[in-house]
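Residue numbers (the numbering used here), protein chains in the order written: chain U, 669 to 1000; chain H, 832 to 934. Each residue gets a CB set at the ideal place from its N, CA and C atoms; glycine is no exception. Report on the structure given below.
Encoded structure:
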């Protein structure tokens, strides 16, 4: 080795250059392959940008502007409550939802109690629960006046009058019980049954509404809630809106098929119920001038309790009984 | 050693030997990596790419071959290397050769 390298200085330099150029050529060859490949795959001219677009998308470096040259907006993000359609700042949204929908640890209890109290309060004045102390907690600021009116008109009156009847009439325990069973076995939700058509539409317009298998409650998130598919939403709508009458029939057939007069009963109740609720609304409009604080705090009854449901069920049967009597009279 | 009757043959021999040594010791890879980063830093790669684009435009994107590119670019690549990089690399090679001759 020594004999080879230890030649004249000139030769040495030549050798070094040769090695160097070999390295350069190696690198150039690599680049050639790379460029050729990108030529053939069509990505060679991708980073070619003409002057015009360069100017158009030039990065702006002025203080007070973002890289696109726009003034950054200080506007806070706003959310729309799926329950009451109010717009709120994002920071207030979670607390609002808690109150509005009755979610969260405490609020669900509060909401439940409120719902029970709401239906129970008007009919029987002897409420042993002291809701009065609860109401100031969820004061009116959480509830827009727009929503209050709607609720008063649609929700509360029906409950009020229905339960009012409850006081006067004698309850038919056999009927009410059998109907409870039927609901349980078919998985229908008392809360939804208690809603009128308008209420359902209102509810389904703003929420996902898919009925959970476990909790038997409607999903209260927005239409795009990721937990449920569009298919589920569609079927729930079909069930709650379109197939309303069908659903009722199926239910009666399935569970009370051996009892013919009850079948007739419930068919009759459809009409009478509608008529009643209409009357109730009218009645309410007259008397809604002075709402109680309890009413103003009522929430949409997405999660009504079994207790309330039972009550309303009993009333329905009473109603239907009377109505069928009338029907029979007419037929005869 | 005083006379070189068959100088060309000896040169070729020497290059082969040196190349072998460079590869065996792994110095060749190290030098290449160093050179690559240096050349990218000084913009040599971008210059070559620009030139390459010109060539491709002339010949047409569809008709370009690797041989065309190699023929066009290799002389350009040699010529475009900045002197500072060249000097540094030559220095490295010299020290390597000196080390080898000492062994």
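For my contact list, residue 882 of chain H and residue 907 of chain H are in at a C-beta cut-off of 8 Å; report their separation, rounded to the angstrom.
About 6 Å; that satisfies the 8 Å criterion.
Under the assumption that residue 927 of chain H contacts residue 858 of chain H (Cβ atoms under 8 Å), give the Cβ distance between them as a whole number of angstroms.
Contact flag correct, Cβ pair sits at about 5 Å.
Mind checking the segment 864–884 of chain H against chain U and listing, in chain order, the residues whose C-beta falls within less than 8 Å of any C-beta there?
Cβ contacts with chain U come from 866, 867, 870, 876, 879, 880, 883, 884.
Excluding the five sequence neighbours on either side, which residues of its own chain have a C-beta within less than 7 Å of the C-beta of residue 931 of chain H, listed in chain order?
Excluding sequence neighbours, residue 931 of chain H sits near 852.
For residue 704 of chain U, which residues in chain H fall below 8 Å Cβ to Cβ?
The contacting residues are 895, 896, 897, 900.
Kindly say whether residue 709 of chain U, judged by its beta-carbon, lies nearer than 8 Å to any beta-carbon of chain H.
Answer no: the Cβ-Cβ gap between residue 709 of chain U and chain H never drops below 8 Å.
Along chain H, in chain order, which residues have C-beta atoms closer than 9 Å to that of residue 717 of chain U?
Within 9 Å Cβ-Cβ: nothing; residue 717 of chain U doesn't reach chain H, min ~13 Å.
Beta-carbon proximity list for residue 904 of chain H, same chain, < 8 Å, skipping 5 on both sides:
So the list reads 879, 882, 883, 886, once near-sequence residues are dropped.
Can you find the residues in the same chain that come closer than 6 Å, C-beta to C-beta, to residue 856 of chain H, ignoring five residues on each side of it along the sequence?
Closer than 6 Å at the Cβ level, and outside the excluded window around residue 856 of chain H, lies no residue.
Excluding the five sequence neighbours on either side, which residues of its own chain have a C-beta within less than 6 Å of the C-beta of residue 872 of chain U, listed in chain order?
Apart from the 5 residues on each side of it in sequence, residue 872 of chain U sits with its Cβ closer than 6 Å to the Cβ of 905 in its chain, given in chain order.
Output yes or no for whether 8 Å exceeds the beta carbon distance between residue 700 of chain U and residue 895 of chain H.
The beta carbons of residue 700 of chain U and residue 895 of chain H sit no closer together than 8 Å.
Note the first and the last residue of the continuous alpha helix (DSSP H) segment covering residue 849 of chain H.
Note, residue 849 of chain H: alpha helix (DSSP H), 838–856.
On the CB-based measure, 16 or more other CB atoms within 10 Å of its CB, does residue 785 of chain U come out buried or exposed?
It is buried - the Cβ of residue 785 of chain U has at least 16 other Cβ atoms within 10 Å.
Identified DSSP bridge partners for residue 886 of chain U
As DSSP reads the structure, residue 886 of chain U sits in a beta bridge with U:879.
Can you tell me whether residue 751 of chain U is buried or exposed, with buried defined as 16 or more other CB within 10 angstroms of its CB?
Its Cβ being crowded by 16 or more others within 10 Å, residue 751 of chain U is buried.
Delimiting residues of the beta strand (DSSP E) encompassing residue 727 of chain U:
Residue 727 of chain U -> no beta strand (DSSP E), and no H or E assigned at all.
Residue interval of the alpha helix (DSSP H) (run including residue 871 of chain U)
In the DSSP annotation of this structure, the continuous segment of the alpha helix (DSSP H) that includes residue 871 of chain U starts and ends at 865–874.
C-beta neighbour in chain U for residue 917 of chain H, strict 8 Å
At a cut-off of 8 Å between beta-carbon atoms, residue 917 of chain H makes contact with chain U.
Classify residue 746 of chain U as helix, strand or coil using the three-state DSSP reduction.
Here residue 746 of chain U sits in strand by DSSP.
Which whole-angstrom value is the C-beta distance of residue 888 of chain U and residue 722 of chain U, which I expect to be below 8 Å?
Not confirmed; about 50 Å, so no contact.
Quick one: does residue 856 of chain H have its CB under 8 Å from some CB of chain U?
Closer than 8 Å: no.
Sort out for me which residues DSSP pairs residue 757 of chain U with in a bridge.
Answer by DSSP bridge pairing, in chain order: U:746.
Buried versus exposed call for residue 705 of chain U [16 or more other C-beta atoms within 10 Å across all chains shown]
By the neighbour-count criterion, in which 16 or more other beta carbons inside 10 Å mark a residue as buried, residue 705 of chain U falls on the exposed side.
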